[in-house]
Amino acid sequence: MAMMKKKTVQFKFRFGSAAILLIFSIVVSLVAYLYLKAMVTRDVYKETEIFISTADATRTYVKDILRPKMVDILPRDGFIPHAMSTSFIGREVMQRVRERFPEFNYKRASVNPMNPLNQADGFEKKMLKWFQEHPEADEWHGVIKTNDRSYYTRLRAIYAEAECLRCHGDPAVAPIDLIKIYGTKGGFHYSIGDVVAADTIYIPVDISFVRVREAAFSIFIIAVVSLVSLLGLFYLLFNRTVVSELKDLLATFRSISGKDDSQDEILFLEVGDEVAQLKEAFEHVAGDLKRAHDGLKTSEAKYRHIFETSQDAIIILDCKTRIKDINLAGLKLFGLMGREEALSIETAYQLFWDVRDARHFFNTVEKEGYVNGLERPMVDRTGKKLMVMLSATVRRDDNDQFTGIDVILRDVTDKRRMEKYLSQTEKLAAIGQLASGVAHEINNPLGVIKCYSNLIAKELSEKTQMIDDIRIIRKHTEQCQSVVDALLNFSRISEPKRIPTDIHTCIDDVLAVILPQLDKDRIFVDKDYSDDIPEITVDPQKIKQVLMNLFMNARQAMVSGGTLTVRTRLHDHGNTVSVAVADTGAGIAEKHIGRIFEPFFTTKGSQKGTGLGLSVSYGIIKQHGGEIEVTSDLGKGSTFTVFLSITGEST
C-alpha cells in the first residue's frame, strides 16, 4: 500500500499527460475536420454558383432576347417551348451540363408545374413555402440527407413577373399552342410576386465528407504518435537532468530532518519515484517548520507580553540609534503620545539631557557589549529632567555584525530626590540640634561681653585709645550675635500656615523692600509674569522669606550691576506653578552645584553670609511639598526655580 501510495504522483503525472495529449489530439482533429469540411462546403458552394449562374444566364437570355423575337415572328397564339419556355430551355441546357458532371443534378422545382418533370418533392415543397413566407430571402443552401446520401443543396427562388402572367396567369388568355402542349392542369393562376419555382441544384458530398473524416482521423493518429514521442523524449531528458538534481535535493532534506535514513519516519524516501519522494520530504520538513513556527509564535507572544507589561521602560534601537520599538512604560516615562511619535524621533541621543552622556553610553555599549545600572540624566517630551538607570546589551546577527541595542530604563528620579531630601533633612536636623545647643551656650557669654563693654565705654573718655578697642569688641560681639540669631532661626523652623495666596503679590512685596538697594547697585528688575497663574495655597510669610533669600543672593552675585529676572509659569496641566529667579552674575561652579543647599556652605566669603539662607529656603519649600532647582552657567549667571503645587500637595 505504501509503495502504491508513493507511486501515485508519477501515475497521476503520466495519466494526466496521456489525458492531456488525448484531449489535445481530439481537439486538433476536430478543428481540422471542421476546417476541411468548411473548405469542402466552400468549394461546393463555388461549384453551385457556376451552375446557378449558368441556369440564371440561360433564363435571362430566353426571357430578354429569344422570347421577344419569337413573339414578333409567331402569331399571337403561337408558342414553341424549345425557343420560348425558360424552364424547358434551362432544363435542357443543364441536362447537357450533367452529362459532363454526372454527380450534378439540376431541377426547376415547382408546387404547380406545367411540366410534371418539375414537380417538387417534399423537401422542395417545404422550401418553396419558406420562400413564400420570407420574400426577402433570395436563396438557401445547406447539406441535406436523402436516399442515404448527403447532398449539398442550393435553391434560388423565381418570383412571377408581369411578362410571366401571359403563360402562367389565366389559362383563357394563354397561347393556344401552349395549351395544346401542356393543357390547363398546372402552371396557371399565378400573380405578380408569387413564388413560381426554385432553381435547385444537388451535389453529393458524402464521399468528400468521408475523406475529410479520414483526413481528420489521420491527423489525430499523427498528433498522438508525435506528441507521445515528444513526451517520451522530454521524459527521458527529465530523468537525465532533473532527477539527479532531485536526488541531491532529497539528500538535503534528509540532512535538514536530522534523522537517519534507517529510521521509520523517513523510510518513504526509499520508496516511489523522485517526485513522490520530494513531496513526502516537503511534507516532513513543512511539519518541522510548522512546529518551529508555532514555537516561535508562542515565544513571541510570551516576549511581547513581558515587553508590554514590564514596569521598566524598554527601547529597541537599530544600529543608528533610531527607535524601532518601545513599550508602554517607555511611552509613559518620556511622555510620548504613541509609538508613532516615538518612531519619529531621529536618534536616541535626543532623549539624553547631555549629549556627552549619550555619546559615552553608546560608546560603552558598543565597546563592552553591555552596560548595567548606569545612571544618567535624560529628558522627557516636555523638557523635564529625569534621572534614569540604564542597562543595555547589543544585538548581533548570525555573522556577528552589530545590528542594534536593547535598552532597559528605570526612572529613579523620585528615588534619588527622596534620598537627597532625606539626607538633607537628616543633615538639617542634626545641624539644627547642634546649632540650637551651641547658640544657647554662646549667646549668654556674648551678652555678658556686650554688657561689660558698654559699661566700660560709659566710664571712659571719648578721646582715649581704649574706646576704639571697646568699639571693635562691640562690633564683633554683635556680628557673633547675628550668627547666633541665624542659628536659632535655623533650628526653629515652624509649620507653615497655608492660605490662598497670590504669588505675584508676594514677589512684588519683597521687591518693594529691596528695590532701593537694587537701584543703588545698578540692578534692573525684569518681571515676566504669566497671566494664567491662579492663587496657590502656601504660607505667604515663609514664601516671602524664600524670595528674599533668592533676591539677596542674586544681588550679591551681581557686584557690577546686571538684570534680575523673575519669571512665573504654569505647569502639569495647571497643577503646578514655577517661580524662576535669574541673575546675570558670576554664576556657580559645577563642583559647587551639588552642595549649594547644604547648611553653612557659601561661596561669598565669611563677611557676606552665614551659608544658611539657601538651606532655610530649601527646608521651607520642602515643607510646602515643592521643589527648588538651580542651574548655572559660569560667568553668565544662575537661575533658581521654585516649584509649588497650587493645592499645597507635593509636586
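Last residue of the sequence shown: number 653 in our numbering, and the count goes up by one each step with no gaps. Think of the CB as a built atom: it goes at the ideal place given N, C-alpha and C, for glycine as much as any other residue.
Here residue 317 is near residue 332, since their CB atoms are less than 8 Å apart. The continuous stretches of alpha helix (DSSP H) do not include residue 566, which lies in the beta strand (DSSP E) extending over residues 564-573.
Excluding its 5 nearest sequence neighbours in each direction, residue 565 has C-beta neighbours in its own chain below 6 Å: 526, 528 and 586, listed in chain order. Cβ neighbours of residue 148 within its own chain (closer than 8 Å, five residues either side excluded): 125. Counting the other CB atoms within 10 Å of its CB gives residue 291 a total below 16, which places it among the exposed residues. When only Cα atoms are considered, residue 226 and residue 39 end up about 22 Å apart.
Annotation: the region 60-86 contains no complete segment of the beta strand (DSSP E) (minimum length 3 residues).
Looking at the DSSP output, residue 379 bridges to 389. The count of Cβ pairs closer than 8 Å, one atom from the region 150-170 and one from the region 194-203, reaches three, so the stretches are in contact. Runs of the alpha helix (DSSP H) lying entirely within the region 279-358 and spanning at least 4 residues, in chain order: 330-335 and 341-345.
In the displayed model, residue 593 falls within a helix according to three-state DSSP.
Collapsing the DSSP output to three states places residue 582 in a strand.
Between residue 508 and residue 594, the alpha-carbon positions lie close to 29 Å from each other.
If you keep only unbroken beta strand (DSSP E) runs of at least 3 residues inside the region 523-560, you get 525-530 and 538-540. Ranked by Cα distance from residue 173, the options 188, 306 and 164 are led by 188.
Nearest to residue 351 by C-alpha distance, out of 58, 323, 469 and 575, is 323.
Under the Cβ criterion (8 Å, minimum of three pairs), the region 175-193 does not count as touching the region 218-237. Excluding five sequence positions before and after residue 384, the CB atoms of its chain that fall closer than 7 Å to its own CB belong to 337, given in chain order. By the C-beta density criterion, residue 365 is exposed, having fewer than 16 other C-beta atoms within 10 angstroms. If only uninterrupted alpha helix (DSSP H) runs of at least 4 residues are considered, those enclosed by the region 170-213 are 178-184. Residue ranges of uninterrupted beta strand (DSSP E) with 3 or more members, entirely inside the region 97-122 and ordered along the chain, are 107-111. Counting C-beta pairs closer than 8 Å gives three or more between the region 87-100 and the region 41-59, which meets the contact rule. For residue 284, the number of other beta carbons within 10 angstroms of its own is below 16, and it is reported as exposed. Counting other Cβ atoms within 10 Å of its Cβ, residue 289 stays below 16 and is therefore classed as exposed. When only Cα atoms are considered, residue 96 and residue 108 end up about 6 Å apart. CA-to-CA, the gap between residue 213 and residue 205 works out to about 16 Å. Here residue 475 is near residue 451, since their CB atoms are less than 8 Å apart. Contact between residue 583 and residue 553 is confirmed by a C-beta separation of about 7 Å, below the 8 Å threshold. Less than 8 Å separates the beta-carbon of residue 548 from that of residue 622.
Note on residue 577: under 16 other CB atoms within 10 angstroms of its CB, so exposed under the neighbour-count rule. Put simply, the backbone Cα of residue 545 is about 33 Å away from that of residue 354.
Residue 411 sits in a strand when the DSSP states are folded into three classes. Residue state for residue 54 is assigned as helix, using DSSP reduced to three classes. Of the candidates 340, 345, 294 and 335, the residue whose Cα lies closest to the Cα of residue 319 is 345. In the three-state reduction of the DSSP assignment, residue 599 falls in the coil class. Around residue 33, the same chain offers no residue with a beta carbon nearer than 8 Å, after the five sequence neighbours per side are excluded.
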